[in-house]
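Student: So the sequence shown is residues 1 to 764, counted in the UniProt record's numbering.
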Amino acid sequence: MAPPPPQSHRSPSPSQPSGKSEVSDLKSQLRQLAGSRAPGADDSKRDLFKKVISNMTIGIDVSSLFGEMVMCSATSDIVLKKMCYLYVGNYAKVNPDLALLTINFLQRDCKDEDPMIRGLALRSLCSLRVANLVEYLVGPLGSGLKDNNSYVRMVAVIGVLKLYHISASTCIDADFPATLKHLLLNDPDAQVVANCLSALQEIWTLESSTSEEAARERETLLSKPVVYYLLNRIKEFSEWAQCLVLELVSKYIPSDNSEIFDIMNLLEDRLQHANGAVVLATIKVFLQLTLSMADVHQQVYERIKAPLLTQVSSGSPEQSYAVLSHLHILVMRAPYIFSSDYKHFYCQYNEPSYVKKLKLEMLTAVANETNTYEIVTELCEYAANVDIPIARESIRAVGKIALQQYDVNAIVDRLLQFLEMEKDYVTSEALVLVKDLLRKYPQWSQDCIAVVGNISSKNVQEPKAKAALIWMLGEYSQDMHDAPYVLESLVENWDEEHSAEVRLHLLTAVMKCFFKRPPETQKALGAALAAGLADFHQDVHDRALFYYRLLQYNVSVAESVVNPPKQAVSVFADTQSSEIKDRIFDEFNSLSVVYQKPSYMFTDKEHRGTFEFADELGNLSISAESSDSVVPAERVEAKDKDLLLSTSEKDEGRDPGSNGSVYNAPSYNGSSAPSTTSQPLADLAFPSTGISGQAPASSLAIDDLLGLDFPVGTAVTPSPPPLNLNPKAVLDPGTFQQKWRQLPISLSEVCFEIISFINVITLA
């Protein structure tokens with residue numbers, strides 16, 4: 001067996017500290033190496049610096065090493081300098097007092113012979129962002145702007161912008177904007193020019209709100225000499241700088257048409273650029289310049305089509321989506337130009353869902369008489385897609401194309417085939433589309449109803465689809481033999497239906513069916529009205545109440561209101577207004593196009609830029625006058641008469657024998673009524689059309705016909721108490737709670753009665 005190796009007597013490596021605390025050990029080792037010029041000292045410092053940066057990155061507090069790190073930075077090793085500057089920049093923000101220790105060595109490094117060190121030191125000095133140290137930035141920045149090396153000048157320009165955000169007055173007093181303007185027009189380095197343009201745009205935009213001179217200077221950036229100077233040098237700029245220049249050019253207003261063509265000819269080759277951002281920025285320039293020239297604007301669409309389609313097919317899915325979003329807004333504005341390229345919008349199997357969804361919208365937009373068959377055939381293939389959301393979108397796309405009056409015959413046949421598929425989501429989407437088709441093309445009712453009549457309502461679970469089916473049952477009940485009985489079964493299961501949309505459609509459908517087939521629907525209508533009047537949802541309750549009052553007033557009038565002769569819908573309402581679309585187009589090549597909403601909808605007020613909307617368009621806020629005049633809780637009793645309603649007024653208007661409710665509701669006598677109708681109903685007040693003190697004969701006839709039990713003694717309803725509203729009345733939360741507790745409880749044993757009492761106040 002071999003003997004164990006001898007123990008090494010070498011000193012421990014500086015990069016492997018030992019001791020009670022790792023940080024304290026690092027501190028002692030850094031102190032030993034501070035000022036050392038021995039061979040290999042820089043390598044040891046590198047290892048220690050790496051360990052410090054590593055600890056700082058994972059969240060360990062190494063701010064106690066600040067002094068030692070600064071002392072060890074006295075070296076010509078640029079790697080050590082970079083790590084030290086990174087350390088200093090991180091802790092200077094949270095410890096301004098420590099930042100003062102770095103001023104001397106950073107100012108010294110700003111005068112180093114190596115331009116890289118000068119630039120890094122100046123960048124770190126400007127990144128301290130400590131307001132008390134701005135006086136130390138002016139001198140190095142002035143020297144940096146005049147440095148012979150372009151890298152130092154480039155860093156100094158951005159440093160001026162940082163200084164402006166720390167102390168705007170110091171930056172303006174030092175006349176740095178004028179220096180940047182000189183560099184913008186005279187510096188030989190393209191990146192320095194680009195940085196000057198970016199800094200000046202931000203500084204003068206912020207200053208223009210308070211200074212007329214800054215506003216004039218900002219306008220000079222859009223002058224012909226500056227724009228032409230930047231355009232002539234555009235090939236020298238980086239991709240980011242080119243986008244910056246092109247964004248500036250898009251705001252420029254040429255003096256005549258020849259100038260427009262000169263700019264477009266100069267930027268023609270930018271459409272072939274490999275970078276998608278440069279291509280989109282160039283397209284924005286072309287579109288903005290030709291807005292007033294309709295013929296040329298259309299030719300621009302033809303010219304930019306190929307570059308955009310190339311960008312869509314190349315690059316990552318994220319880039320494709322961004323380009324597709326811009327292409328989408330162009331397709332919506334001029335679909336006929338892109339109609340022959342519809343195959344570019346076919347979905348690929350490996351594309352993410354968000355790209356497929358956008359392509360489906362574009363296929364819908366470019367459909368016309370010549371390509372509808374091919375597009376619908378492709379969309380029908382997607383209906384069997386394993387991705388259910390895409391399958392749903394494809395079915396909706398087919399319906400949208402049908403509503404555009406392109407090849408309706410074939411599309412209706414396809415949709416009816418969807419209804420016969422055994423997939424729930426396909427059937428649901430198809431039902432919604434068939435409803436819209438029947439609203440626009442009533443002549444197809446016979447074919448559609450023949451298929452819809454075979455669908456069981458028990459197999460349709462989605463609220464929108466069930467609502468569509470119920471609408472068809474009511475609208476075409478004269479052609480569907482089982483319509484009254486299907487509606488009756490739905491009414492019997494009223495309590496099991498959780499969607500208010502379905503219950504609203506069910507009320508209307510039963511009413512329509514009653515006017516067309518009264519004997520078969522009489523029982524279902526009585527049950528539906530009683531259930532609707534007992535419904536907790538306010539809209540359902542109000543609609544049932546409205547229908548009941550209509551029937552009591554005049555059945556013929558009720559029919560003319562609920563089921564009047566209808567004309568076919570010519571155009572369905574668009575989800576976005578034309579003004580919103582124009583705003584998005586004006587913000588081409590920005591996030592507004594990707595989000596499909598103007599920038600004011602998703603940015604803070606201070607960042608809205610040129611297209612700032614009024615506050616009332618996006619938000620509603622309480623005025624300062626209202627917030628200052630809130631009634632404190634302790635002044636409630638003294639100011640009782642200023643409130644909306646007092647307790648005494650409510651007591652005076654309440655009938656002693658009405659259980660806290662001014663109105664009484666009928667109850668339903670039918671054996672098939674839902675269980676909720678056994679409770680007393682509220683909120684019914686009927687117009688008295690008979691002799692005072694007697695129940696109107698027509699009301700009693702309707703109640704008897706529908707099986708509703710309306711007591712004769714309650715036909716005379718007391719008029720609600722007069723209500724005087726104070727337009728300036730306000731309540732803070734505490735006052736509201738105190739007043740709410742003062743109100744008497746209507747009934748405590750049934751929750752519905754409390755809600756009824758609230759409704760009584762609302763109706764009053």
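Idealized CB from N, CA, C, for every residue including glycine.
Exposed or buried, what is glutamine 29 when buried is set at 16 or more other beta-carbons lying within 10 Å of its beta-carbon?
Tutor: Within the sequence shown, numbered from 1, the residue matching residue 29 stands at position 29. Buried.
Student: I'd like the span of the alpha helix (DSSP H) that includes proline 97, first residue to last.
Tutor: Position 97 of the sequence shown, counting from 1, holds the residue named residue 97. Inspection of the sequence shows that residue 97 is occupied by aspartate rather than by proline. Start and end: 96 to 99.
Student: Any contact between the region 198 to 215 and the region 223 to 235? By contact I mean 3 or more CB pairs, one from each, below 8 Å.
Tutor: Cβ pair count under 8 Å is below three, so no.
Student: Is the region 117 to 134 in contact with the region 69 to 82, if contact means three or more CB pairs nearer than 8 Å?
Tutor: For the pair of segments examined, the region 117 to 134 was found to touch the region 69 to 82: the number of CB pairs separated by less than 8 Å reaches three.
Student: Looking at the structure shown, is tyrosine 164 part of a helix, part of a strand, or coil, going by DSSP?
Tutor: Sequence index remark: in the sequence shown, residue 164 carries index 164 (1-based). If DSSP states are grouped into helix, strand and coil, tyrosine 164 belongs with the helices.
Student: Report the residue from Asp77, Leu289 and Asp47 whose alpha carbon sits nearest the alpha carbon of aspartate 256.
Tutor: Position 256 of the sequence shown, counting from 1, holds the residue named residue 256. Check the Cα spacing between aspartate 256 and each of Asp77, Leu289 and Asp47: the tightest is with Leu289.
Student: At what residue ranges does the region 537 to 589 contain a whole run of the alpha helix (DSSP H), taking only runs of 4 or more?
Tutor: Runs of the alpha helix (DSSP H) spanning 4 or more residues and lying entirely within the region 537 to 589 occur at 538 to 553, 555 to 562 and 578 to 586, in chain order.
Student: What is the rounded straight-line gap between the Cα of glutamate 381 and the Cα of serine 394?
Tutor: Against the sequence shown, residue 381 aligns to sequence position 381. Against the sequence shown, residue 394 aligns to sequence position 394. About 9 Å.
Student: Give the single residue among Asn90, Val138 and Ile53 whose Cα lies nearest to the Cα of cysteine 110.
Tutor: If you number the sequence shown from 1, residue 110 lands on position 110. Among Asn90, Val138 and Ile53, the Cα nearest to that of cysteine 110 is on Val138.
Student: My output table needs one value for lysine 146: the three-state DSSP class, helix, strand or coil.
Tutor: Residue 146 sits at position 146 when you count from the first residue of the sequence shown. Here lysine 146 sits in coil by DSSP.
Student: Should serine 627 go down as buried or exposed, given a rule of 16 or more other Cβ atoms within 10 Å for buried?
Tutor: For the purposes of this step, residue 627 is taken as residue 627 along the sequence shown, with counting starting at 1. Note that serine 627 scores a pLDDT of 38, beneath 50, so its modelled location is shaky; the value from the coordinates is reported in the next line. The Cβ neighbour count for serine 627, taken over all protein chains shown within 10 Å, is under 16; the residue is labelled exposed.
Student: Answer yes or no: do arginine 491 and leucine 506 have a C-beta to C-beta separation smaller than 8 Å?
Tutor: Here residue 491 is taken as the residue at index 491 of the sequence shown, counted from 1. Here residue 506 is taken as the residue at index 506 of the sequence shown, counted from 1. For the record, residue 491 in the displayed sequence is valine; it is not arginine. In contact: valine 491 and leucine 506 (Cβ atoms closer than 8 Å).
Student: Are the CB atoms of valine 412 and leucine 431 nearer to each other than 8 Å?
Tutor: Position 412 of the sequence shown, counted from the start, is the residue given in the question as residue 412. Position 431 of the sequence shown, counted from the start, is the residue given in the question as residue 431. Not a contact, by the Cβ cut-off of 8 Å.
Student: For asparagine 493, is the classification buried or exposed, using 16 other Cβ atoms within 10 angstroms of its Cβ as the cut-off for buried?
Tutor: As a working note, residue 493 is residue 493 in the sequence shown. So asparagine 493 ends up on the exposed side.
Student: Rounded to a whole number of angstroms, what is the C-alpha to C-alpha distance between glycine 532 and tyrosine 547?
Tutor: One-based indexing of the sequence shown puts residue 532 at position 532. One-based indexing of the sequence shown puts residue 547 at position 547. C-alpha separation (whole angstroms): 10 Å.
Student: Could you please give the first and the last residue of the uninterrupted alpha helix (DSSP H) stretch that includes tryptophan 444?
Tutor: On the sequence shown, residue 444 is found 444 positions in, with the first residue counted as 1. No alpha helix (DSSP H) holds tryptophan 444; DSSP gives it neither H nor E.
Student: Write down the C-beta distance between serine 477 and lysine 516 rounded to the nearest angstrom, noting that I regard them as a contact closer than 8 Å.
Tutor: Sequence index remark: in the sequence shown, residue 477 carries index 477 (1-based). Sequence index remark: in the sequence shown, residue 516 carries index 516 (1-based). A Cβ-Cβ separation of about 5 Å places serine 477 in contact with lysine 516 under the 8 Å criterion.
Student: Alpha carbons only, please: which of Val331, Glu202, Ser150 and Arg549 is nearest the one belonging to lysine 581?
Tutor: The residue you call residue 581 lines up with position 581 of the sequence shown. Selected option, being the one with the closest Cα: Val331.
Student: With 16 as the cutoff for other CB atoms within 10 Å, does serine 44 come out buried or exposed?
Tutor: For the purposes of this step, residue 44 is taken as residue 44 along the sequence shown, with counting starting at 1. With 16 or more Cβ atoms within 10 Å of its Cβ, serine 44 is classed as buried.
Student: Starting from histidine 273, follow the alpha helix (DSSP H) in both directions and report where the run begins and ends.
Tutor: Taking the first residue of the sequence shown as position 1, residue 273 is located at position 273. Per DSSP, histidine 273 belongs to no alpha helix (DSSP H) and is neither H nor E.
Student: In its own chain, which residues sit with a C-beta less than 6 Å from the C-beta of proline 744, not counting the 5 before and 5 after it?
Tutor: The count along the sequence shown starts at 1 and reaches residue 744 at position 744. Excluding positions up to five away in sequence, the list is empty.
Student: Kindly indicate which residue of Glu497, Ser316 and Ile449 has the alpha-carbon position closest to the one of glutamine 461.
Tutor: Along the sequence shown, one-based indexing puts residue 461 at 461. Checking every option, the nearest Cα to that of glutamine 461 belongs to Glu497.
Student: Could you please give the first and the last residue of the uninterrupted alpha helix (DSSP H) stretch that includes asparagine 195?
Tutor: Translated into positions along the sequence shown, residue 195 becomes position 195. Run containing asparagine 195: 190 to 207, per the alpha helix (DSSP H) assignment.
Student: Assuming the contact rule is C-beta atoms closer than 8 Å, isoleucine 203 and leucine 161 should be a hit. Round their C-beta distance to whole Å, please.
Tutor: Residue numbering aside, residue 203 sits at position 203 when the sequence shown is read from its first letter. Residue numbering aside, residue 161 sits at position 161 when the sequence shown is read from its first letter. Yes, isoleucine 203 and leucine 161 are in contact; Cβ-Cβ is about 7 Å, under 8 Å.
Student: Quick check: what's the CA-CA separation for threonine 603 versus valine 594?
Tutor: Along the sequence shown, one-based indexing puts residue 603 at 603. Along the sequence shown, one-based indexing puts residue 594 at 594. One C-alpha to the other measures close to 14 Å.
Student: What first and last residue would you give for the alpha helix (DSSP H) that runs through serine 28?
Tutor: Counting from one through the sequence shown, the residue named residue 28 turns up at place 28. Residues 22 to 33.
Student: Measuring alpha carbon to alpha carbon, tell me which of His165, Asn149, Ser150 and Leu145 ends up nearest alanine 156.
Tutor: Counting from 1 along the sequence shown, the entry for residue 156 is found at position 156. That would be Leu145, whose Cα lies nearest to the Cα of alanine 156.
Student: Look at leucine 98 and serine 63 and say whether their C-beta atoms are less than 8 Å apart.
Tutor: Taking the first residue of the sequence shown as position 1, residue 98 is located at position 98. Taking the first residue of the sequence shown as position 1, residue 63 is located at position 63. A contact, by the Cβ cut-off of 8 Å.
Student: Below 8 Å between beta carbons: does that hold for serine 499 and proline 463?
Tutor: For this step, residue 499 is matched to residue 499 along the sequence shown. For this step, residue 463 is matched to residue 463 along the sequence shown. Cβ distance < 8 Å, so serine 499 and proline 463 count as in contact.
Student: Given a threshold of 16 other Cβ atoms within 10 Å of its Cβ, counted over all protein chains shown, does glycine 474 qualify as buried or as exposed?
Tutor: Along the sequence shown, read from residue 1 onward, the residue named residue 474 stands at position 474. So glycine 474 counts as buried.
Student: What is the rounded straight-line gap between the Cα of phenylalanine 514 and the Cα of glutamine 443?
Tutor: Indexing the sequence shown from 1 puts residue 514 at position 514. Indexing the sequence shown from 1 puts residue 443 at position 443. If you take the alpha carbons of phenylalanine 514 and glutamine 443, they lie about 23 Å apart.
Student: How would you label glutamine 446, buried or exposed, when you count the other beta carbons within 10 angstroms and need 16 or more for buried?
Tutor: What you label residue 446 is simply residue 446 of the sequence shown in a count that begins at 1. It counts as exposed.
Student: Determine the burial state of serine 456: buried for a count of at least 16 other Cβ atoms within 10 Å of its Cβ, exposed for fewer.
Tutor: The count along the sequence shown starts at 1 and reaches residue 456 at position 456. Under this definition serine 456 is an exposed residue.
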